[in-house]
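> Sharing a structure here in structure tokens format.
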Amino acid sequence: MPVNKESYNKIQTQLKERQITLIAVSKTKPLEDILELYNEGQRDFGENYVQELISKYEQLPKDIRWHYIGHLQSNKVKYIAPFVHLIHGVDSEKLLSEINKQAVRNNRTIPCLLQIHIAQEETKFGLDETELKTVMARDENGDYQHISVKGLMGMASFSTDMQLVRKEFKQLKRIYNKFPQFDTLSMGMSGDYIIAAEEGSTMVRIGSLLFGSRN
Ligand SMILES: *Cc1c(COP(=O)(O)O)cnc(C)c1O
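Using the numbering used here, read the sequence shown as starting at 62 and increasing by one per residue.
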């Protein structure tokens, strides 16, 4: 399926009004598709799989900002630490420690978002509010000096009940507001980005509306 430039332009116009950053989620999509949006001016791309991200990073223009949006295993951090722009789904202290360690090795600070569990499904990863407070206390204590915790990320329930989705985004925004040092709230995907935008998202992660459905 071809890249939907019409949809891209429409979404960018909608987001611009609210100064929301669009992450084009290009997982499973070929280099040509990414380049097509790149040529439209898009620079932020999101990937879920480490090997795929590395391969695309190596082959595509170096001014692309790569966002890792999938569930990251600690033993894979080292592969993306040299270049990743923002890691969205950080959900454990073990992972934070490893990211910090690899950031030191690469002589950089790695920007991260903490994933908060807001959906009803048991399967979605993320911290609860108590765990978030613990992590932030550790951060303030200097445990993660080479990580910059920019804010939060969350995924709403996979549901057609938009009232439920809105409620979950509201909840995430409420938690986000408790930390005035945060400036990034990553919420909203193809099916719910309008609601996310209305509820105060600063970053949306959109794949299928831009690149077509995935196999
Ligand atoms: C795949 C994915 C997206 C994009 O999903 P679409 O519904 O195709 O927009 C966003 N966020 C995460 C974490 C994803 O894994």
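Even glycine gets a Cβ: it sits at the ideal position worked out from N, Cα and C.
Can you list, in chain order, the residues of its chain with a C-beta nearer than 7 angstroms to that of Q120? Leave out the 5 residues immediately preceding and following it.
L92
> Comparing alpha-carbon positions, which option in D105, S116, G203 lies nearest H146?
The residue from D105, S116, G203 with its alpha-carbon nearest to that of H146 is D105.
> Is the beta carbon of E113 sitting closer than 9 angstroms to the one on T89?
yes
> Work out the CA separation of F219 and L270 for me, nearest whole Å.
16 angstroms
> Considering only DSSP beta bridges, list what H128 is partnered with.
G107, L147
> In whole angstroms, what separates the C-alpha of M248 from that of V196?
20 angstroms
> Can you check whether the CB of Y205 is closer than 9 angstroms to the CB of A160?
It is worth fixing the name first, because residue 160 is Ile in this sequence and not Ala. Cβ distance < 9 angstroms, so I160 and Y205 count as in contact.
> Could you please give me the residues that DSSP links to I115 through a beta bridge?
Bridge partners of I115: none, in fact.
> So does M264 have its beta carbon nearer than 8 angstroms to some heavy atom of ligand 1?
no
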